[in-house]
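Take a look at the structure set out below.
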Amino acid sequence: MVKNFDIALNTPISCSNRSFKICQLDNGIMALVISDPAETIASFSLSVASGSHNDPNDIAGLAHLCEHAILASGSKEFPKRHQYHETIVQNGGSHNAYTSGENTTYYFELPVSSDKGELVFERVLEILSSSLKNPVFTETTITKEIYTIESEHGANKASQNKQLYHATRLLASKSHPFSRFCTGNFETLCNLPKLRKLSLKNSLMAYFNEFYRPSNMAICIKSSQSLNLLTKLAIQFFGGISGEHRHSCASNLSAKGRGSSSRSSEVVGTTSQLRSKILKRVWLPKYQGSKIFDSAANFLLIKASKGPTMRLIFPINHKYARFSVNNLAIFSKNWCDIFGDESVGSLADCLRKLNLVTSITSSCPSYCSGEDGLVLELSLTRDGSRDAHKILQTIFDQYIPKFIHDQTRNLAMYLSDLNAIDMLKFLYQSRETSSMEMCAEYSTRMLSDLEALDPKCLLKGCPLPECNDPSTNLGSYHDSSESIVWWTGQAIMFQNFISDFVNRQNMRIIILGDQGASGLLDPLSNPLILSYDPYYEFEYFKGLLDFAYLDQQANLPDFPFHIPNYDCFLPSVGRKLEVIKRALEVSSARAQDAALSFVTHENLVAGIPRLVCKNRHCEMWVKEEEFNLSFKSKSMVSFEVISRMLHASPYHTISLEILGELLSATLSGALYPSEKIGFTYEIFPSVKGDVRLGFTITGFPEGVYTIIRLITDTIKDLAYGDRISPALFRQARVAVRNKYERAASGNCTVLATLGLLVVLEECMWPMEDRLEALEEIDLSSFLLICSQYLGGPVYLNLLIQGDLDYADAIKDWLMLQLVSQSTPKNEYIIAEPASTVLDQGTNAFIKKQGPLEDPNNCIVYFIQTGARDNAHIFALTSFTAFLMSLTLVPDLRIKRQIGYVVFGGMRLLSTTVGIHVTCMSDATPEHLEVQIDEYLTHLELDVLQNMSENEFQDSFLRKFCRISQGSAGIKSQSSSGPSDISAQIKASVQSGNLSEQGKEMLDHKRMFSQISTRRYNFEVEDEPLDAKFLEGLTLQDYRHFFRGTISVFSERRSKLSIMVESTMGLEEISKKRLCSQVGGYLKVKGLKISNRDLEGIIEKAGGRPQSLLKELIKYFASKGETLKLCNIALKESLKAVISAVVQKVSYMHPEELPAITKKNYSKIPLTQIHNVNEYRLRRKL
């Protein structure tokens, strides 16, 4: 029977039209059911309390492999491989999964639609549930997914966040499973199990049967259907999962693998208490009280050219804490808010003014059940890297004693403000950006300690202090004498929390950067002995440092630490906790009654902006939001100021970027309190290179108006006053340079994508041109450009959405402050930047080197199909992108195994449109080019050529039209990525809380982009599709388009590839992998060799298997271990390992490039563009 829990969830206003229910299926699965009648997307997630901490000691990554194999292998009822993926993608949906230390989560979303009368959502639920009941792990699928995981890990190795988290594992106690490598790779999932004669298929099945039990699972299901119908779906598809006797249970299911739907009516009485603690119940007995961090090491340095970055980690072990789990969660959040604060008078403000850091980020990760961490990540300046001890001294000898311990009353008021603001932010929070990711978050929370969280706080994700209980008389600090006493007590408890956990003895430090730049290592007299990590392939030093000794080295000036000033941004109810509590009660009650309300699908009432003012100086649009609850007492304002006098140039672009950095340096401290209340701001020079500066501000209407006034006043002060000192200007120039350096060292996929924009967008200046302009500009020339920009004629684009109370005031203020009414002779008509049109018959590539220490290569393969405004070309290109979404990943990633990062689809430029395929891999870019050509050949000759007209119409064209007319918000983003990359480029200056904004922010930016580019297609995501043209499209018509525009055999095709090649080179990558895998093999066999010695042997052997074997025998003979190595079976196994590694890295070399065109029968020779600027100039002429 289903057990329902009668719990009124605390619900924000934006979600108060949704109904929620928590229940438990009779097999033990916990379920959160969400009914949203306005929703057009159905989503689902399932979390199981098993992850990499359950990996066997000899198969690292088995849990991760199980996640992949369950979705890829199919099941007894649905034996077709990848049917789950294909069904979702074919119907316009998205899906994902992840494995952490303690849980594995699967999630997907689909448009609420049917296919041939069957609800697709129910079909996918059936496929997924069948895989969780009776998975079929085949050897072929297991092998392919190992290669996929290997490629995934290759992408992880280039991520700084992944490197730092892995470094945290290296600092952990070896006796705890957290310390182990968990992703898995080819070595841990293939080579080592073979050497140990382990059956991976049997290990997978044993893992699945042991840990995938329904009592360890939680699900979240969300759609527009009623709670009762969604509960029936949960029972129908997941009520039949059994932890014991799986195979016998499977025989009792119907032919389609479904449970009996009649069971959904078996509902018992409700209960008012929910004390589920799935994660703790499962994991605490396994850990047996062991601690993650011991006293063996507290410092780790990763040798890298990036950074420098420093992480301070303060572990929290619940078992040994003198606080309740509830208070630990509350105080950890307070710690994040206080130590991560960047307002005037904060720790970050102090360290910035000492020129030690550029930014601070705080977080509270959970490492495992019962063990969390307080993490402070600092981006260091050169001074900060050299004088890191000054940072520690500032924290422990100034900030904590003077701000935390000596100001109990101020701390009590600060905690009170943080609580009221937190409640206010939750009450007015935006809706989620992704429905499936929200479900994944909820199902994961359902595994946690719900008694400590308080089930009412499930949507919020953290417990509430006692004062927020409506039944208490407690309020904010100043509300009553009783409240003053209570908050003072909270402040004292928080001081004790800081004393217990945030101290030198409990601290671990990780630094990523150059070892010579770390001042913390100066006291060490002995040279560093670096270790090598075989998984992330970096060198590191690990040791035990005396931080108390290091902190006694500098005399620092006193700093006036003080609490932030929220007054000018808080709405009138900001500190009235009683009013906020009542409003939350009303919103939560409305959610309980939502099922009785009349709600219309959001797409039917969305509306479009309306033009309220347009003249030669300004264009103003507004959009009321009468039905969207996310805009209750909220405004979103975007505006841009476009020069009508200055022409586009790298010099002008750099000037606007410097102006943005000056605004950030001047305003970020003053605006940070607004971020904590929920306001956001962005400042962005035009991404397309013309002379315009844009702004987006969101939040409570009065505060938005205040921020706009503050920004415009500051711009004028900077441009016309004397506020810019030479030091401040130099700081802004350095910030711009650092931004470009970070971009240049970023993900090679991003570099290749931006490279395509640089080549094909008219005013997307190359990096070299921007840096040259940055070197040339000085303060006087900058001020001249600012005066020409702001003092000359400009045009104002303005969009105000949501609460319009301040709309007229905002428009009048901007016109008064920024828009000149003069009309000089050199004024010109604003023209939007255009795209470069590739000549017909183009087959070119541009190759650039990737970031240092990134072993990955990348290609962006772009085919221009025509003009963006050509309705027929746009429709045909969109349909091609849909076809690719069905075939690209299965062919390139799964079948050909060229890499984990594979996506493709439509690519929108300013005035042209095309198709792209983007791949990141350890294979050479030339090899990737060949594979993409072969894929397109397969698509043409094997798919389109053998397709019938009926199949084309029924299985592809009509399905595409149905999806396009439905939920535009999904569109298989998981396999194609966003079509308009320019719109995805982040603002150069922005508040740190933009991720908290949901779907409304994405829609707002899309609408403003339509205004900015003067396209005004508000009702569609990109461009309107010509439905009439698509209705008349035949297979013959489409083949004609494909053969002329897409086909590798076409003489008219216009194609350009951007290749980013790793600086490491094939030989270096080969040596590193040989060293890693041979070293791992020898370790398994009990043969010890240092990484340095092994590298020398590999270097001497030149990568030749036979020579390497001889050198190893010689080495171990000198160590007296010849007998071990001379075992014939052992030698043969080692020889096989060496050969496998050598073969794996022997991808096509660049010198084999001439063979590419022959192999792919291209009608057009492949040519390299060596000088991008020369090519761009030639194209303009």
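Be aware that the sequence shown starts at 1, since it is given in UniProt numbering, and climbs by one per residue.
Each residue gets a CB set at the ideal place from its N, CA and C atoms; glycine is no exception.
Whole angstroms are fine: how far does the CA of residue j sit from the CA of residue i?
{"i": "ILE360", "j": "TRP765", "result": "31 Å"}
{"i": "SER649", "j": "ASP690", "result": "7 Å"}
{"i": "LYS1158", "j": "ARG1053", "result": "With a pLDDT of 45 at LYS1158, under the threshold of 50, the modelled position of this residue cannot be trusted, and the question is left open."}
{"i": "SER1162", "j": "THR877", "result": "21 Å"}
{"i": "SER45", "j": "GLU585", "result": "28 Å"}
{"i": "ASP922", "j": "PHE561", "result": "50 Å"}
{"i": "ALA743", "j": "GLN931", "result": "28 Å"}
{"i": "HIS95", "j": "ASN473", "result": "46 Å"}
{"i": "GLY240", "j": "LEU128", "result": "12 Å"}
{"i": "VAL902", "j": "CYS858", "result": "10 Å"}
{"i": "LYS623", "j": "GLU1000", "result": "12 Å"}
{"i": "LYS201", "j": "PHE137", "result": "6 Å"}
{"i": "LYS3", "j": "MET438", "result": "24 Å"}
{"i": "ASP55", "j": "ASN298", "result": "26 Å"}
{"i": "SER1009", "j": "THR444", "result": "36 Å"}
{"i": "LEU204", "j": "LYS576", "result": "56 Å"}
{"i": "GLU86", "j": "LEU790", "result": "53 Å"}
{"i": "GLU466", "j": "TYR806", "result": "37 Å"}
{"i": "ALA383", "j": "PHE559", "result": "Before going on, a small fix: residue 383 reads as Asp here, not Ala. Near 18 Å, if we compare the C-alpha coordinates of PHE559 and ASP383."}
{"i": "ILE511", "j": "ILE302", "result": "6 Å"}
{"i": "PHE293", "j": "ILE697", "result": "43 Å"}
{"i": "VAL837", "j": "LEU908", "result": "13 Å"}
Cβ atoms of residue j and residue i: under 8 Å apart, would you say?
{"i": "ALA8", "j": "LEU279", "result": "no"}
{"i": "ILE313", "j": "VAL375", "result": "yes"}
{"i": "GLU109", "j": "LEU233", "result": "no"}
{"i": "ARG431", "j": "SER725", "result": "no"}
{"i": "ASN185", "j": "TYR532", "result": "no"}
{"i": "SER366", "j": "CYS336", "result": "no"}
{"i": "ALA388", "j": "MET310", "result": "yes"}
{"i": "THR99", "j": "HIS64", "result": "yes"}
{"i": "ILE149", "j": "LEU189", "result": "yes"}
{"i": "LEU170", "j": "LEU300", "result": "yes"}
{"i": "LEU25", "j": "ILE235", "result": "yes"}
{"i": "LEU659", "j": "HIS652", "result": "no"}
{"i": "VAL637", "j": "ILE683", "result": "no"}
{"i": "HIS927", "j": "PHE862", "result": "no"}
DSSP on residue i, reduced to helix/strand/coil?
{"i": "SER979", "result": "coil"}
{"i": "VAL1172", "result": "helix"}
{"i": "MET920", "result": "strand"}
{"i": "LEU312", "result": "strand"}
{"i": "ALA38", "result": "coil"}
{"i": "GLY257", "result": "Low per-residue confidence applies at GLY257: pLDDT is 37, beneath 50, and the placement is therefore not dependable, though the value from the model is reported in the following sentence. Of the three classes helix, strand and coil, the one that applies to GLY257 here is coil, per DSSP."}
{"i": "ASP808", "result": "helix"}
{"i": "MET1007", "result": "helix"}
{"i": "ASP533", "result": "strand"}
{"i": "SER483", "result": "helix"}
With distance defined between alpha-carbon atoms, name the residue in the options nearest to residue i.
{"i": "VAL1172", "options": "THR887, ALA591, GLY1096 and LYS847", "result": "LYS847"}
{"i": "ILE146", "options": "PHE569, GLN24, CYS786 and ALA72", "result": "ALA72"}
{"i": "GLY866", "options": "THR912, ILE580 and LEU852", "result": "THR912"}
{"i": "SER1062", "options": "ALA155, ARG575 and LYS291", "result": "ALA155"}
{"i": "ARG962", "options": "GLY93, LEU774, ASP36 and LYS80", "result": "GLY93"}
{"i": "TYR1038", "options": "GLU940, ASP479, LEU1002 and SER787", "result": "GLU940"}
{"i": "PRO925", "options": "PHE960, VAL1060, ALA987 and ARG1043", "result": "VAL1060"}
{"i": "LEU62", "options": "LEU520, PHE208 and LEU512", "result": "PHE208"}
{"i": "THR394", "options": "SER332, ARG504, PRO285 and ALA589", "result": "ARG504"}
{"i": "SER1047", "options": "HIS1004, THR937 and CYS1075", "result": "THR937"}
**OP:** Entirely within the segment 678-743 and at least 4 residues each: give me those alpha helix (DSSP H) ranges in chain order.
**Re:** Listed in chain order, they are 701-720.
Subject >> Segments of 3+ residues assigned as beta strand (DSSP E) that fall wholly inside the segment 361-408 >> reply: Counting whole runs of 3 or more residues, the segment 361-408 contains the beta strand (DSSP E) stretches 366-368 and 371-380.
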